[in-house]
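Here is the structure we will look at.
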Amino acid sequence: MKIAFVHPDLGVGGAERLVVDSCLAMLKAGHEVRVFTSHFDPAHCFPETSQLNISVFGDWIPRSIGNKGHIVFASLRSLYLAIVILLHRYELDVLFVDQISISIPLLRFNGKILFYCHFPDKLLSRRDSLAKRIYRLPFDWLEDTTMRMADMVVVNSAFTLATLERYAPLHTPPEILYPGLRLDKFDQPKTKTIAPDRDIILSINRFERKKDIGLAIQSYALIHKDFPKSLLVLAGGYDTRVQENVEYLQELRTFCKELGLESVVYNNQDLSQVSVVFMLSVSDEEKLQLLLGSKMLVYTPVNEHFGIVPLEAMYCKTPVIATSTGGPVETVINEDTGFLCPAQPKSFSHKMRLLLEDEPLRQRMGESARVHVQSHFSSELFDTQLDNYMRLALQSDNTDAVLVHYVFIATLLLLLAVIPIFF
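Residue numbers (the numbering used here): 3 to 425.
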C-alpha cells in the first residue's frame with residue numbers, strides 16, 4: 003500500500019513518537035510511506051525521522067498572533083497542508099491523520115482515511131468566558147463533523163474511547179490501538195546518570211500547565227528533608243517557540259523557590275547542593291539513562307489520554323507513581339507495577355516515601371513492571387494491529403462517512419455560491 007502520514011508538527015512529543023513508530027512499522031511491513039507535516043526541525047525531532055520521506059508545507063503560516071487564535075491558525079495550517087497534498091495529486095491508498103480532523107474533507111479525495119484520535123480537541127481547550135465558548139463553537143462542530151468522514155477511527159485508550167462516545171459519538175464505534183514500545187531501544191546498559199550518588203525521583207513531561215508538574219514539586223517538598231540523598235529531576239520537551247513552555251518553566255522555578263527547594267536548569271554543573279533539576283528537551287539517550295538510573299517515575303497529569311512514559315519507565319524496571327485517572331489506569335497495575343493515587347501532594351509523597359525506604363518493594367515492582375510491558379505493550383503487537391487497521395480502512399465501505407463527506411462538500415459549495423449575492 004501507499005500510505006501517507008499527515009501530522010501538524012513533527013517534534014518530540016508523545017503523539018510524534020506514535021507517528022514515527024507507526025511510519026517505521028509500515029515501512030517494515032513493506033508499504034510505501036510518506037510523511038506530510040507543517041513543521042519539521044531536524045535539530046528538534048526523533049532520530050528515526052532520518053529514515054522517513056518527509057515533506058513540509060505551510061510553516062510560513064504563524065501559529066498565533068500575539069499568542070491568540072491558536073485553533074484558527076492550526077486549522078489554517080492543516081487546511082493548507084491538505085490543499086497542497088490534493089493539488090499535487092499524490093497517489094495514495096490510505097492517509098493516517100491525527101490530532102486535527104478539519105483537513106479530512108479535502109484529504110478524502112486522495113485516499114481512504116484512518117483517523118487516530120489522541121483525544122477530542124474540543125475537550126482540551128479552556129472556556130473561561132462566554133466569548134471563548136462562542137468562539138470555539140464552529141471549531142467544535144467542525145471537529146465532530148469532519149471526524150465522522152474518516153473511513154476508520156482508532157483511539158489510544160479505553161479512556162479516550164469512553165470520552166469520545168460521551169461527547170462526540172460516531173456512527174461506527176472506534177477501535178482501541180494502544181501505542182507500543184520498541185523494546186530493543188531500551189535494552190541497553192546503564193552507563194551514567196547526572197548524579198550517581200543521589201536517589202533520583204524522575205518526572206518526564208512536556209513543560210505544559212496541563213501536565214501539573216507542580217504536583218511533583220509540591221509532593222517532593224514534603225519529604226525531601228527526610229531523604230537528603232534524593233534529587234527531583236524534571237525532564238521533558240521544551241520549545242522556545244512555544245510561549246507556554248517558557249512561561250511554565252519560570253513558574254515552576256518560582257514555585258521551587260517558594261517551597262525552599264534549590265533548583266537549576268541542567269548544564270553539566272555540580273548538583274551536590276541542588277534539590278530540583280530541570281532538564282530541557284532531553285535526547286533519547288539522556289532519557290533512557292534517566293529511566294534506568296531513577297528510583298521511580300512520578301507521572302502527574304490528570305486524565306492523561308494514554309501516556310507512553312509510564313510504559314518506558316516500567317520496561318526499565320522503574321516503578322511508576324501516577325494519578326488514578328485516564329490512561330495510566332489501563333497501563334499501571336496498582337501496588338504491582340507502581341501506585342495509582344489521587345492527584346494530591348500527600349498521596350504522592352507517601353508513595354515516594356515508600357519506594358525510597360523499601361528497596362525490596364522497589365525491585366519487586368520493577369521486575370513485575372517489565373514483564374507487564376513485554377506482555378501487553380510491545381511494538382510487535384502494535385505493528386500487527388496497525389497494519390490490520392490500515393487494510394480495513396482501505397477496504398472500508400463506510401457509507402456514513404461518504405454521505406457526510408458529500409453533504410459537507412455540497413453545503414460548502416452552496417455557501418460559496420450564495421455568499422457573493424449579499425456583497
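Note that the Cβ used here is the ideal one computed from N, Cα and C, for glycine as well.
Below 8 Å between beta carbons: does that hold for residue i and residue j?
{"i": "residue 240", "j": "residue 282", "result": "yes"}
{"i": "residue 309", "j": "residue 317", "result": "no"}
{"i": "residue 155", "j": "residue 5", "result": "no"}
{"i": "residue 149", "j": "residue 125", "result": "no"}
{"i": "residue 321", "j": "residue 357", "result": "yes"}
{"i": "residue 263", "j": "residue 274", "result": "no"}
{"i": "residue 166", "j": "residue 314", "result": "no"}
{"i": "residue 63", "j": "residue 78", "result": "yes"}
{"i": "residue 192", "j": "residue 295", "result": "yes"}
{"i": "residue 59", "j": "residue 88", "result": "no"}
{"i": "residue 221", "j": "residue 398", "result": "no"}
{"i": "residue 106", "j": "residue 117", "result": "yes"}
{"i": "residue 201", "j": "residue 231", "result": "yes"}
{"i": "residue 288", "j": "residue 246", "result": "no"}
{"i": "residue 31", "j": "residue 272", "result": "no"}
{"i": "residue 35", "j": "residue 29", "result": "yes"}
{"i": "residue 12", "j": "residue 56", "result": "yes"}
{"i": "residue 203", "j": "residue 353", "result": "no"}
{"i": "residue 347", "j": "residue 251", "result": "no"}
{"i": "residue 319", "j": "residue 253", "result": "no"}
{"i": "residue 146", "j": "residue 170", "result": "yes"}
{"i": "residue 376", "j": "residue 185", "result": "yes"}
Could you give the DSSP three-state label for residue i: helix, strand or coil?
{"i": "residue 390", "result": "helix"}
{"i": "residue 281", "result": "strand"}
{"i": "residue 307", "result": "coil"}
{"i": "residue 324", "result": "strand"}
{"i": "residue 77", "result": "helix"}
{"i": "residue 256", "result": "helix"}
{"i": "residue 368", "result": "helix"}
{"i": "residue 3", "result": "coil"}
{"i": "residue 14", "result": "coil"}
{"i": "residue 351", "result": "helix"}
{"i": "residue 424", "result": "A caution first: residue 424 carries a pLDDT of 49, below 50, which makes its placement in the model too unreliable to give a value."}
{"i": "residue 343", "result": "strand"}
{"i": "residue 269", "result": "coil"}
{"i": "residue 38", "result": "strand"}
{"i": "residue 22", "result": "helix"}
{"i": "residue 301", "result": "strand"}
{"i": "residue 69", "result": "coil"}
{"i": "residue 395", "result": "helix"}
Do you know whose CA, among the options, lies nearest residue i's CA?
{"i": "residue 114", "options": "93, 303, 123, 17", "result": "93"}
{"i": "residue 339", "options": "299, 86, 348, 350", "result": "299"}
{"i": "residue 216", "options": "8, 22, 234", "result": "234"}
{"i": "residue 141", "options": "336, 75, 246, 388", "result": "75"}
{"i": "residue 345", "options": "333, 325, 362", "result": "325"}
{"i": "residue 160", "options": "181, 303, 144", "result": "181"}
{"i": "residue 20", "options": "328, 35, 381, 151", "result": "381"}
{"i": "residue 98", "options": "7, 123, 57", "result": "7"}
{"i": "residue 10", "options": "34, 28, 25, 42", "result": "42"}
{"i": "residue 17", "options": "204, 81, 208, 35", "result": "208"}
{"i": "residue 109", "options": "249, 83, 185, 119", "result": "83"}
{"i": "residue 81", "options": "39, 52, 70", "result": "39"}
{"i": "residue 47", "options": "61, 119, 335, 22", "result": "22"}
{"i": "residue 175", "options": "359, 157, 373, 194", "result": "157"}
{"i": "residue 270", "options": "177, 367, 194, 119", "result": "194"}
{"i": "residue 396", "options": "33, 153, 229, 86", "result": "153"}
{"i": "residue 65", "options": "365, 268, 244, 359", "result": "244"}
{"i": "residue 199", "options": "190, 267, 229", "result": "229"}
{"i": "residue 205", "options": "267, 280, 188, 212", "result": "280"}
{"i": "residue 123", "options": "139, 102, 130", "result": "102"}
Quick check: is any heavy atom of the ligand ATP less than 7 Å from the C-beta of residue i?
{"i": "residue 198", "result": "With respect to the ligand ATP, the structure shown offers nothing to examine, as it has no ligands at all."}
Which same chain residues end up closer than 6 Å to residue i when comparing Cβ atoms and leaving out the 5 residues on each side of it in sequence?
{"i": "residue 469", "result": "Because the chain here runs from 3 to 425, residue 469 falls outside it and cannot be looked at."}
{"i": "residue 121", "result": "162, 307"}
{"i": "residue 392", "result": "96"}
{"i": "residue 255", "result": "265"}
{"i": "residue 425", "result": "In this prediction, residue 425 has a pLDDT of 47, which is less than 50 and means its spatial position is unreliable; nothing more can be read from the coordinates."}
{"i": "residue 54", "result": "25, 37"}
{"i": "residue 284", "result": "237"}
{"i": "residue 197", "result": "233, 273"}
{"i": "residue 371", "result": "316, 339"}
{"i": "residue 327", "result": "304, 305"}
{"i": "residue 384", "result": "182"}
Skipping 5 residues on each side, what residues in its chain have a beta carbon closer than 7 Å to that of residue i?
{"i": "residue 258", "result": "219, 265, 278"}
{"i": "residue 312", "result": "299, 301, 322, 324, 330, 333, 334"}
{"i": "residue 336", "result": "342"}
Given residue i, which residues of its chain have a CB within under 8 Å of its CB, disregarding the five upstream and five downstream residues?
{"i": "residue 14", "result": "46, 47, 48, 239, 283"}
Determine, for residue i, whether the minimum Cβ-Cβ distance to residues of chain C falls below 8 Å.
{"i": "residue 121", "result": "Note that chain C does not occur in the displayed structure, where there is just one protein chain."}
*Could you tell me which uninterrupted alpha helix (DSSP H) segments, each at least 4 residues in length, are contained entirely in the region 126-167, listed from first to last along the chain?*
Within the region 126-167, the complete alpha helix (DSSP H) runs of at least 4 residues are 132-149.
*Which full runs of the alpha helix (DSSP H) of 4+ residues lie inside the region 180-219, going along the chain?*
Listed in chain order, nothing qualifies, since the region 180-219 has no complete alpha helix (DSSP H) run of 4 or more residues.
*asked:* For a minimum of 4 consecutive residues, which ranges assigned as the alpha helix (DSSP H) are wholly contained in the region 81-119?
replied: Along the region 81-119, the alpha helix (DSSP H) occurs as fully enclosed runs of 4 or more residues at 106-109, listed in sequence order.
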